[in-house]
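**Q** Here the protein sequences line up with chains D and Y, keeping their order. The first sequence begins at 1 in full-length UniProt numbering and counts up one residue at a time. The second sequence begins at 1 in full-length UniProt numbering and counts up one residue at a time. C-beta: ideal position from N, C-alpha, C; glycine also. So that we are looking at the same thing, I have put the structure below in structure tokens.
There are 2 protein chains.
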Amino acid sequence: MSHTSGASSSSSSCAACKFTRRKCTAECVFAPYFPADQPLKFANVHRIFGASNVTKILQDLPESSRADAVTSLAFEAEARMKDPVYGCSGAISLTQTRILELQAEIQELVDQVHHLEEKKPMRLT
Amino acid sequence: MSHTSGASSSSSSCAACKFTRRKCTAECVFAPYFPADQPLKFANVHRIFGASNVTKILQDLPESSRADAVTSLAFEAEARMKDPVYGCSGAISLTQTRILELQAEIQELVDQVHHLEEKKPMRLT
Chain D
1 MSHTSGASSS
11 SSSCAACKFT
21 RRKCTAECVF
31 APYFPADQPL
41 KFANVHRIFG
51 ASNVTKILQD
61 LPESSRADAV
71 TSLAFEAEAR
81 MKDPVYGCSG
91 AISLTQTRIL
101 ELQAEIQELV
111 DQVHHLEEKK
121 PMRLT
Chain Y
1 MSHTSGASSS
11 SSSCAACKFT
21 RRKCTAECVF
31 APYFPADQPL
41 KFANVHRIFG
51 ASNVTKILQD
61 LPESSRADAV
71 TSLAFEAEAR
81 MKDPVYGCSG
91 AISLTQTRIL
101 ELQAEIQELV
111 DQVHHLEEKK
121 PMRLT
């Protein structure tokens, strides 16, 4: 159901205005980032951050940064829905563990290179 | 200023109840995780997620998981305060870039090991 009408309204409500049953105006801060065909994106962001907090975050940013902010908020919200305990901190923890593993692997290879270089035949060039 | 009194209250309000000027009872869902001496931890979480969303997240979790959930929420909130565009997704992006760099470093070392092994003098043992 669309709640838009009149000259100042967009032709259809965005996902945020549909969800919150508000009139979607041309000034809607959500409309450019929450199209009507992606209702879950807004539902997740609303459930985790709340529409009013997201409004504040977006309004405090220049328009050029808002799309990236919405992408990261949607990513974090989805991660929190999937993993209510760790959210996307779980992903950070996993990648940090992976970094430690890779660093250990590098150290082993460096040791192997040193060992092989010690055994390399002397050259006269 | 403490808002607690009576038998069902804790001896002092937690940071969440102080912030929201509510009476902090023995059943307060925030009290075990937001001590009065860490007011910023709650202020950040409240600003980014909203107290009511955090209440819902915590109430949906078993008590044994709530401390970890609060730690990750506080981490994400602080990251979003520092970087309103990318939040902790920025940290994930940086660690993923670091992983790619380390994988490239490993590949170089593996190539170096192969090269050195090819030049290794034959042994008769």
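Rounded to whole angstroms, what's the CA-CA distance from V45(D) to V110(Y)? Just pull it up for me.
**A** Indexing the first sequence from 1 puts residue 45(D) at position 45. Indexing the second sequence from 1 puts residue 110(Y) at position 110. Roughly 44 Å separates the two Cα atoms.
**Q** At which residues does the alpha helix (DSSP H) containing P39(Y) begin and terminate?
**A** The residue you call residue 39(Y) lines up with position 39 of the second sequence. P39 to F49 is the span of the alpha helix (DSSP H), which, as asked, contains P39(Y).
**Q** Using the Cβ count rule (16 or more neighbours within 10 Å means buried), how would you classify E101(D)?
**A** On the first sequence, residue 101(D) is found 101 positions in, with the first residue counted as 1. Label assigned to E101(D): exposed.
**Q** Helix, strand or coil for G87(D) per DSSP?
**A** Counted from its first residue, the first sequence places residue 87(D) at position 87. Reduced to three states, the DSSP call for G87(D) is coil.
**Q** Would you give the residue range spanned by the alpha helix (DSSP H) that L73(D) belongs to?
**A** As a working note, residue 73(D) is residue 73 in the first sequence. Counting along the chain, the alpha helix (DSSP H) containing L73(D) begins and ends at E63 to K82.
**Q** Do K16(Y) and F34(Y) have their C-beta atoms closer together than 7 Å?
**A** As a working mapping, residue 16(Y) is identified with position 16 in the second sequence. As a working mapping, residue 34(Y) is identified with position 34 in the second sequence. The question names Lys, but residue 16(Y) is Ala in the sequence shown. It is a contact, given that the beta carbons lie within the stated cut-off.
**Q** For L73(D), is the classification buried or exposed, using 16 other Cβ atoms within 10 angstroms of its Cβ as the cut-off for buried?
**A** Within the first sequence, the letter at position 73 stands for residue 73(D). Answer is buried; the Cβ neighbour count reaches 16.
**Q** F19(Y) by DSSP, collapsed to three states: which one?
**A** Residue mapping note: residue 19(Y) aligns to position 19 of the second sequence, counting from 1. The answer is helix: DSSP assigns F19(Y) an H, G or I state.
**Q** So, is the C-beta of R98(D) closer than 7 Å to a C-beta in chain Y?
**A** Counting from 1 along the first sequence, the entry for residue 98(D) is found at position 98. At a cut-off of 7 Å between beta carbons, R98(D) contacts chain Y.
**Q** K119(D) to H115(Y), Cα distance in whole Å?
**A** The residue labelled residue 119(D) in the question sits at position 119 within the first sequence. The residue labelled residue 115(Y) in the question sits at position 115 within the second sequence. Approximately 13 Å between the Cα atoms of the pair.
**Q** Pairing CB atoms from the segment 68–86 of chain Y with CB atoms from the segment 54–66 of chain D, are three or more of them under 8 Å?
**A** By the Cβ criterion, the segment 68–86 of chain Y is in contact with the segment 54–66 of chain D, since at least three pairs of Cβ atoms, one from each stretch, lie closer than 8 Å.
**Q** How would you label S13(Y), buried or exposed, when you count the other beta carbons within 10 angstroms and need 16 or more for buried?
**A** Residue numbering aside, residue 13(Y) sits at position 13 when the second sequence is read from its first letter. Buried: at least 16 other Cβ atoms inside 10 Å.
**Q** Going along the chain, which residues of its own chain have a beta-carbon closer than 7 Å to the beta-carbon of D60(D), five neighbours each way excluded?
**A** Here residue 60(D) refers to the residue found at position 60 of the first sequence. Taken in chain order, the list of residues that qualify is empty.
**Q** Give the single residue among K23(D), C24(D) and M81(D) whose Cα lies nearest to the Cα of L40(D).
**A** Indexing the first sequence from 1 puts residue 40(D) at position 40. The residue with the shortest Cα to Cα distance from L40(D) is M81(D).
**Q** Determine the direct distance from the alpha carbon of T95(D) to that of I106(Y), and round the result to whole angstroms.
**A** The sequence position of residue 106(Y) within the second sequence is 106, counting from 1. The sequence position of residue 95(D) within the first sequence is 95, counting from 1. Straight-line Cα distance between these residues: approximately 17 Å.
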